[in-house]
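Numbering (this note's numbering), first residue to last: 555 to 1192.
Every residue, glycine too, gets a C-beta built ideally from N, C-alpha and C.
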Amino acid sequence: MIKVIYKGKTIEGAPGTRVKDLIKQAEGMDTPDILLAKVNGVLTDMAAQVNADAEIVPITFNDEEGKKTYWHSTSHIMAAAVKQLWPEVKVTIGPSIDEGFYYDFDREKPFAEEELAKIEEEMKKIIKENAPFIRKNISKAEAITMFKALGETYKVEIIDGIKEDIVSLYSIGAFTDLCRGPHLPASKKVKAVKLTKVAGAYWRGDEKNKMLQRIYGISFPTQELLDEYLNGIEEAKQRDHRKLGKELDLFSLHEEFGAGLVYWHPKGAMIRKEIEDFWRAEHLKRGYDLVVSPHLAKIDLWNTSGHTGFYKDSLFPVMTLDDNDYLVKPMNCPFHILIYNTSKKSYRDLPLRWAEIGTVYRYEKSGVLHGLMRVRGFSQDDAHIFMREDQLDEELGKLLEIIEYILGVFGFQSYEVYLSTRPEEYIGDIATWDKAETALKNSLEKAGLAYKVDAGGGAFYGPKIDIKIKDALNRVWQCSTVQVDFNLPERFNVNYTGSDGKEHRVIMVHRALLGSFERFFGVLIEHYKGAFPVWLAPVQVMVMPLTDRNNDYAKKIQNLLIDAGVRAKFDDNNEKIGAKIRTSTMQKVPYMIITGDIEVETNTISVRKRSGEEEKGVSAEAFVKMITEKIKKKEIAI
RNA sequence: GCCGACGUAGCUCAGUCGGUAGAGCAACUGAUUCGUAAUCAGUAGGUCACCGGUUCAAUUCCGGUCGUCGGCUCCA
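This is the structure we're talking about:
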């Protein structure tokens, strides 16, 4: 007999008893919600046999692993459906992803949107049949023979790369796939499924390989959960910064005159100005100085920096003037170095923290451009810190502090933090890379920030810490970045004179907190759904007289606000008050002030928030005090 | 850059199975002076993305270019 621990109690069973029977015995009833189990910490099929003492932990859709398995199994069902409909299609891989699953197929013709419905129908048939997922272990050689016979060349390629001698297969209906598993017990566990989109994707993610046809989908144990998911997508569309940017008149892109180049409209530019003012003030408080650099430099500078080599794919083409070649800047760093090198620096001068809102241009591939999030011309909130090696730890600590503070003011409290290490293409030697990576790691640990390592994700000149913000569409955007650079100081001979009278190499750190104003603006629009906090709102108050009779009084109120530094506008359109309120509400103006005969007589104002809340009989002075206070404190709630 | 879908008025979108287009909102004009999310009437607005081809005739069919959207790859 074997002993099994389940939810704290111990049961006994014959060796070879299936997981599902052990669970049934322990629970004393059927448990259809349990999809699979962890046996001694290993995810295992319900149909697997248990041959030794074990601890069994049940897994349902509510567990992360349960979702992954659920979606992975659904991808197999989809592949089975596709093979049923088009036997000539070759299968490749079909994993689960953060939200749902995909499967990549090799097929001459891409899948048409209409064909998705057909595949869904076929999947429903397989689900109705309640086909079980059957696991079988066979030798590698057998598997290769089998998939060769089936003409599944991609599977053969995958098996070739597997080290173990035994591989596992899973069958669902007539379709057998190479798969590590585990899987759901049977297809009927999938209650609601939706194929969401088709797309091209390279085999093994390499653009040199053949393009495959990918189908994305998602599935749930109930129709309600699927509806909830689809509603969430709909809600996210309402927050799309491209849609809101148009509706709120914040920015535009003029594709006919250059893709990925952003035009900030007056309202958008006002928000940017507020962010910039805040940003500059916070930097000056923390011992930064501001610098300004040009947009162009001769190619020699970029040859020295290494950009023409390692960064050539992202450069705008050369401009030739009087036999000189110029490049528009993709980064600000070489310029700051030129400023540094105009005079001898002492160890006493360091650290030097030089910040610039520097507009750079990078030639991004046309297919990756996306609203404000991915553009070709953008303004980085850049800074370079020149320091001695003994100052690195302290400076990195200060950087993490300012990042957390500034992002916090905008309401971003949690982020994903990555430590990106040496990529395949890099400059400098490995020892200095290791030194830099260790310094970054130490600073993260000291700051108590949880992080993941993005191996090989560093810039060509140094390792970095990336801090990513999640937007409303659940996309993760890289905003803050801190990059140690041991390499540019080398190339440009960036030195200081030490207390020993000798020349020493500086350590340079590049960093951006918001990343770029364009991307950060896009993230903010989606984060707030266009309803900015008062301090950022381009129009903070709309004063609206009820009739022309009240214009003078309303003007007086507006001037009172303007004098107090509040961005107050006046709505004297020939419209009823309901229409004025509607317009300003849709424009997400935080406060509306309504003045009619009553207000004039009682010398008060009527205040309405964009949320719909209203308060009558307010004194103008009290309102000015309240709003200026809120602006000063940068309160997010109105 | 690659795969797919798409490009009609300032915006959102109809429409023409080849005979040069329409609605709502916005704009403008006039009337209305109104109490917390749309007052009424009228006017104006489009080389149907751009360039070629087929055709008696192209916004519609075909090809190319540019761009947008969803992905892939890449990144602030």
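Checklist entry - Do Thr-1156 and Met-1146 have their C-beta atoms closer together than 9 Å? => result no
Checklist entry - Is it a yes or a no for the segment 685 to 699 touching the segment 707 to 724, going by three-plus beta-carbon pairs under 8 Å? => result yes
Next on the checklist: Let me confirm a value: Ser-806 is counted as buried when at least 16 other C-beta atoms fall within 10 Å, else exposed. Which label applies?
Outcome noted: Label assigned to Ser-806: exposed.
Checklist entry - So Ala-703 packs on Leu-732, CB below 8 Å; how close in whole Å? => result Wrong, their Cβ atoms sit about 14 Å apart, outside the cutoff.
Next on the checklist: Whole angstroms are fine: how far does the CA of Ala-608 sit from the CA of Thr-614?
Outcome noted: 19 Å
Checklist entry - Which whole runs of the beta strand (DSSP E) in the segment 813 to 844 are 3 residues long or more, in chain order? => result 816 to 818
Checklist entry - Since Ile-957 is in the beta strand (DSSP E), which residue starts that stretch and which ends it? => result Premise fails: Ile-957 lies in the alpha helix (DSSP H), 946 to 963, not in any beta strand (DSSP E).
Item to check | Distance CB(Lys-745)-CB(Tyr-756) smaller than 9 Å | outcome: no
Checklist entry - Straight-line CA distance for Asn-1041 to Thr-1035? => result The straight-line gap separating the alpha-carbon atoms of Asn-1041 and Thr-1035 is approximately 17 Å.
Next on the checklist: Quick check on DSSP: helix, strand or coil for Asn-1105?
Outcome noted: helix
Item to check | Under 9 Å between C-beta atoms of Lys-952 and Arg-834 | outcome: Not a contact, by the Cβ cut-off of 9 Å.
Checklist entry - When the Cα atoms are used, what is the spatial distance from Ser-897 to Glu-999? => result 36 Å
Item to check | For Lys-578, the three-state DSSP class (helix, strand or coil) | outcome: Helix at Lys-578.
Checklist entry - Which word fits Ile-716, buried or exposed, when buried means at least 16 other C-beta atoms lie within 10 angstroms of its C-beta? => result exposed
Item to check | Expected contact under 8 Å - CB spacing of Leu-597 and Pro-775 to nearest Å | outcome: Contact annotation, Leu-597 with Pro-775: C-beta distance approximately 18 Å; criterion of less than 8 Å not satisfied.
Item to check | Identity of the residue in Lys-1022, Thr-585, Ile-610 nearest Glu-566 by Cα | outcome: Ile-610
Checklist entry - Does the Cβ of Lys-1184 lie closer than 8 Å to at least one heavy atom of the ligand SAM? => result Absent from the structure shown: the ligand SAM. Ligands present: none.
Next on the checklist: Threshold first: 3 residues or longer. Then list the beta strand (DSSP E) segments lying entirely within the segment 962 to 1008, N to C.
Outcome noted: The segment 962 to 1008 contains these whole beta strand (DSSP E) runs: 970 to 974, 1006 to 1008.
Checklist entry - Per DSSP, Met-765 is paired with what? => result Tyr-756
Next on the checklist: Just verifying my parser: in three-state terms, what is the DSSP assignment at Thr-623?
Outcome noted: helix
Checklist entry - Who are the Cβ neighbours of Glu-619 in its own chain at under 7 Å, not counting the five residues just before and after it? => result Leu-597, Ile-613
Next on the checklist: By alpha-carbon positions, which one of Ile-1131, Glu-668, Lys-852, Met-1096 ends up nearest to Ile-1116?
Outcome noted: Ile-1116 has its Cα closest to that of Met-1096, out of Ile-1131, Glu-668, Lys-852, Met-1096.
Next on the checklist: If you measure between the beta carbons of Lys-574 and Ile-559, is that distance less than 9 Å?
Outcome noted: Going by beta carbons, Lys-574 and Ile-559 fall outside the 9 Å limit.
Checklist entry - What does DSSP give as the partner residues of Asn-878 in its beta bridges? => result As a beta-bridge residue in DSSP terms, Asn-878 pairs with Leu-875.
Checklist entry - Which residues in the same chain have their Cβ closer than 7 Å to the Cβ of Lys-1130, if we skip the five residues on either side of it in sequence? => result Apart from the 5 residues on each side of it in sequence, Lys-1130 has no Cβ closer than 7 Å to any other Cβ in its chain.
Checklist entry - Helix, strand or coil: how does DSSP classify Asp-794 here? => result coil
Next on the checklist: Given a cut-off of 9 Å on the beta-carbon distance, is the pair Ser-997 and Leu-954 in contact?
Outcome noted: yes
Item to check | Beta-carbon proximity of Ile-651 to Tyr-770, cut-off 9 Å | outcome: yes
Item to check | From Ile-647, Asn-857, Trp-625, residue whose alpha carbon lies closest to that of Phe-655 | outcome: Trp-625
Checklist entry - Under a Cβ-count criterion, where at least 16 other Cβ atoms within 10 Å of its own Cβ denotes burial, should Glu-948 be classed as buried or exposed? => result exposed
Item to check | Close beta carbons around Asn-886, own chain, < 8 Å, minus the five adjacent residues each side | outcome: Ser-847, Glu-910, Gly-912, Val-914, Gln-934, Asp-936, His-938
Checklist entry - Exposed or buried, Ser-1160, counting other C-beta atoms within 10 Å across all chains shown (16 or more means buried)? => result buried
Checklist entry - Do three or more CB pairs link the segment 970 to 979 to the segment 1002 to 1015 at distances below 8 Å? => result Taking 8 Å as the limit for Cβ pairs, the verdict is that the segment 1002 to 1015 does touch the segment 970 to 979.
Checklist entry - Using DSSP with H/G/I as helix, E/B as strand and the rest coil, what is His-924? => result Strand at His-924.
Item to check | Complete runs of the alpha helix (DSSP H) confined to the segment 565 to 620 [at least 4 residues] | outcome: 573 to 581
Checklist entry - Is the Cβ-Cβ distance between Phe-932 and Glu-1072 less than 9 Å? => result yes
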